[in-house]
Amino acid sequence: MTYKAFFTPTFEKQLKQAKKKDKTLSDRLKKSIKKVCENHEAGKPLKHDLKGTRRIHLNPFVLVYSIEGETVAFHYYEHHDKAY
């Protein structure tokens with residue numbers, strides 16, 4: 526089952542910036558979005574303050590998302606050192 530993708534305003538802005546600045550990163554983000562929508566449990570669940578969200582690595586970045594019904598909400602991506 527394929528889940529529907531939802532982008533938060535923060536993530537939409539980041540995605541637009543990535544398209545302009547870094548084509549490789551933009552392509553990696555698109556592939557990861559597709560992967561997560563096809564298998565929403567592809568990422569690892571997060572704990573503590575980020576409980577209820579999941580992450581998938583795009584070295585050196587981390588893409589943070591959550592599952593809400595049949596929708597995958599993509600919140601942001603950040604360098605691993607700053608993501609948590």
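Positions 526 to 609 (the working numbering) are the ones given, in order, by the sequence shown. For glycine and all other residues, C-beta sits at the position ideal for the given N, C-alpha and C. Since this is a predicted model, take the numbers as computed values, not measurements.
Assumed close pair His-573, Phe-586 - CB separation to whole angstroms, cut-off 8 angstroms: At roughly 20 angstroms, the Cβ-Cβ gap does not stay under 8 angstroms, so His-573 and Phe-586 are not in contact.
Can you name the start and end residues of the beta strand (DSSP E) that Ala-608 belongs to? Boundaries for Ala-608: no beta strand (DSSP E) harbours it, while the alpha helix (DSSP H) harbouring it runs 605-608, taken from the DSSP string.
Beta-carbon proximity check, Thr-483 vs Glu-563, cutoff 8 angstroms: Here the chain has residues from 526 to 609 only, and residue 483 is not among them.
Grouping DSSP H, G and I as helix and E and B as strand, with all else coil, what is Ala-567? If DSSP states are grouped into helix, strand and coil, Ala-567 belongs with coil.
Return the Cβ separation of Gly-568 and Arg-579 in integer angstroms, given the expectation that the two are a contact with Cβ distance under 8 angstroms. The Cβ separation is near 4 angstroms, so the contact holds.
Continuous beta strand (DSSP E) assignments of at least 3 residues falling wholly in the stretch 527-555: Counting whole runs of 3 or more residues, the stretch 527-555 contains the beta strand (DSSP E) stretches 529-532.
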